[in-house]
Amino acid sequence: MWNQKKYINFVGFILKENHILISFPKHFYQENLENEFSKEDFQLLLATIIKAAQNGLKDLSNSQNNFPLSAFATVYNYYKQFGLYYEEKKQLKDGYYGKINWRKTIQSVTPLEYQGQWMYMPLKIEKQNPYDTFITRCMAYVINDVSQKLNFLFSIEPIEYAFNPQEFSNKGYVLNCLYDLRQTMFKDIHLQLIDALINYFKTEGNTSGDILLKIHHFDKIWEKLVHHQLKSFDQIIDDQLRFDGKHRLFEEQKTFYPDCRHPKTSDSKNHRLEIDHYFEDENRGIRYIFDSKYYKNKVGIDYKQISYYFLLKNYFEKLGNESKTQIALILPSEKEVGYTEIEFELDGNYNNQDKGLKLYHYYLPIKEAMRSYIGK
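So the sequence shown is numbered by the working numbering: it starts at 4 and just counts up by one.
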C-alpha cells in the first residue's frame, strides 16, 4: 500500500478455487478507461512469458510460482506439431502388397518352382504399427490437466484419449519412470519433450491447490520485447525514431570497462557499463546507444544515457571512430501508435562542443511489441 492506494507488484495471475486475480504489465491498458478483460489479452501475456522463458530468460519469478508454464508450452507445442508421442513397432505379416522384407521372406518361406522360376509365396510384408507408451499417457494427462484447471482462460480442448488418472497420483513414481525413459532417448526433440514432462510433474508435486504465476521482473521481458522491435529500426529523422522493417543487428548488453582499476576481468562486473541495445550504422556514421526503460522516473531526468555518451565519447575518438552518437530510452505505451519525445537537450552554455545533444524517449506500444515478439 502506498499513499492509501493498493498496488500489485507482479505480472501474472493467482488462481484460488474459482477466483482469479490477473495483473497485466504497466501501460497494457489505458488509464481512466473501462477495460473489459478478454481471453485474447491474457493469452497474449502468457504467450509472451512463455517465449521469454523458452528463450532462456531465467530471472522471471520467485519461488512462490507453481505453474510450470514453460514446461506445459513445450508439451503442448509438441502435440500441436506431431500429435501424441507414439513409438513405431515393426510387424511382419503374410501378404502381397506393401514393403517386402526380402531377408525374412527368403529365410522363412520355402520357394516354389513355377515354369522354371522360383517363387516365394506368401511374401513377408513389413508394417510399422504405432503404439502408445507411458510418455503418451503423460502428455495426455498434462494437456487435460491444464485444460481442466484453466479452461476459462485457455482455448485448449481436452484430448480424447483413454488413460487411468490414478496412474499419476504418485508423483515420485511418475518422475522415476520418466527419468528411466530419458536414458533411452536420443533425439533432441524427444529429450526436450521428456524434460518438459519431468519439470511439469516436479512442479505439480509441490502444488498445494492454488495456482500462481508471479513475474516480479517484467522489466527483463520488456528488454527482450524492445530488442526484438529494434530489428526494424531505421534511423532518427526530424527528432523521431523511425521503423521501416529492415533487419538491424543491435547488440544486447554491449559492455565497456571505463574504470582503469577494474579492467576486463572476472571481478569487474560492478565497474562496467552495460548498454541494453547498441548498434553502429557505418553507412550513415551513427552509433545508437539505446536502453529499455520499463519504469519511468516520476521526477527528474534519467541521466544514465547522458553519462554513457560522455564516458564513451573520448574512447570512440581514440579508436579513430568519429561516428555521431545518438541516445534514447524505449518505454512502454498504452497507445496504438509509437511516438518520440525529446527528454533532454544540452544547452551550449554548459558544453559548446556537444551543443544540441538530445536524449530521446520513444514510447513503444506494449501490445504491438508483444504481438510482434510472439510472431502474431
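Just so it is clear, CB atoms sit at the ideal spot from N, CA and C, and this is done for glycine as well.
Since the model is a prediction, treat every value here as computed from it, not as a measurement.
- request: Ignore the nearest five residues each way along the sequence and tell me which others in Asn-147's own chain have a CB closer than 7 angstroms to its CB.
  value: Pro-161, Ile-162
message: So, at 6 angstroms on beta carbons, what are the nonlocal neighbours of Leu-194 in its own chain, with the 5 sequence-adjacent residues on each side left out?
response: Met-188
Proximity to Lys-174 [Cα-Cα], best of Ser-158, Asp-191, Tyr-144, Ile-192: Tyr-144
task: Under 6 angstroms Cβ to Cβ from Ile-159, same chain only, skipping five residues before and after it: list those, please.
output: Ser-150
message: Among Asp-213, Thr-206, Leu-60, whose alpha-carbon lies nearest the alpha-carbon of Glu-20?
response: Asp-213
message: So, with DSSP's three-state summary, where would you put Gln-195?
response: helix
- prompt: Nearest-angstrom Cα distance between Tyr-318 and Leu-334?
  reply: 28 angstroms
query: Taking the C-alpha atoms as reference points, what is the distance between Ala-199 and Asp-242?
result: 47 angstroms
task: Measure how close the beta-carbons of Glu-346 and Ile-304 come, nearest whole angstrom, since I'm counting them as under 8 angstroms.
output: 6 angstroms
message: Can you tell me where the alpha helix (DSSP H) holding Gln-151 begins and where it ends?
response: 137-152
message: Residues in the same chain with beta-carbon distance under 8 angstroms from His-250, minus the five sequence neighbours each way, listed in chain order, please.
response: Lys-234, Ser-235
message: On the CB-based measure, 16 or more other CB atoms within 10 Å of its CB, does Phe-85 come out buried or exposed?
response: exposed
task: Could I get the ranges of all uninterrupted beta strand (DSSP E) runs contained in the region 224-308, with 3 residues as the minimum, in chain order?
output: 236-240, 243-246, 254-259, 276-284, 289-295
query: Can you tell me where the beta strand (DSSP E) with Ile-218 in it begins and where it stops?
result: 214-218
- prompt: Nearest to Glu-226 by CA position, among Phe-75, Ala-50, Ile-23, Leu-332, is which residue?
  reply: Leu-332
According to DSSP, residues forming a beta bridge with Val-340: Beta-bridge pairing links Val-340 to no other residue.
- prompt: Where does Ala-331 fall in DSSP's three states?
  reply: strand
message: Suppose you measure from the CA of Asn-65 to the CA of Tyr-100; what does that come to, to the nearest Å?
response: Residue confidence for Asn-65 is low, a pLDDT of 49 falling below 50, so the modelled location carries little weight and cannot support an answer.
- request: Select from Ile-197, Thr-206, Leu-216 the residue whose C-alpha is nearest the C-alpha of Cys-180.
  value: Ile-197
message: Rounded to whole angstroms, what is the Cα-Cα separation between Phe-293 and Ile-330?
response: 6 angstroms
- request: Locate the beta strand (DSSP E) running through Gly-15, then write down its first and last residues.
  value: 14-19
task: Kindly give me the distance between the Cβ atoms of Pro-261 and Leu-244, rounded to whole angstroms, as I take these residues to be in contact under 8 angstroms.
output: With 8 angstroms as the limit, Pro-261 and Leu-244 do not qualify as a contact, their Cβ atoms being about 27 angstroms apart.
- prompt: Which residues in the same chain as Phe-13 place their Cβ atom closer than 7 angstroms to its Cβ, once the five residues preceding and following it in sequence are excluded?
  reply: Ser-26, Lys-217, Ile-218, His-219
field: Member of Phe-221, Arg-264, Asn-286 whose CA lies at the smallest distance from the CA of Asp-237
entry: Asn-286
field: Ile-278 classed as buried or exposed, judged by whether at least 16 other C-beta atoms fall within 10 angstroms
entry: buried
- prompt: With burial defined as no fewer than 16 other Cβ atoms inside 10 Å of the residue's Cβ, what is the status of Leu-252: buried or exposed?
  reply: exposed
- prompt: Taking the continuous alpha helix (DSSP H) assigned at Tyr-82, which residues delimit it?
  reply: 72-85
query: Is DSSP giving Arg-45 helix, strand or coil here?
result: The residue you asked about is not Arg; residue 45 is Phe in the sequence shown. Of the three classes helix, strand and coil, the one that applies to Phe-45 here is helix, per DSSP.
- prompt: Where does Lys-380 land, buried or exposed, given buried means 16+ other C-beta within 10 angstroms?
  reply: It is not possible to answer for residue 380, since the shown part of the chain is limited to 4 through 379.
Collapsed DSSP secondary structure at Asp-357 in the structure displayed: coil
- request: With a 10 Å radius around its C-beta and 16 neighbouring C-beta atoms as the bar for buried, classify Ile-224 as buried or exposed.
  value: buried
Residue environment, Gly-351, which counts as buried when at least 16 other CB atoms sit within 10 Å: exposed
query: Would you say Ser-326 and Glu-371 are within 8 angstroms of each other, going by their C-beta atoms?
result: no
query: Excluding the five sequence neighbours on either side, which residues of its own chain have a C-beta within less than 7 angstroms of the C-beta of Lys-358, listed in chain order?
result: Leu-349, Gly-351
query: How is Lys-29 classed by DSSP in three states: helix, strand or coil?
result: coil
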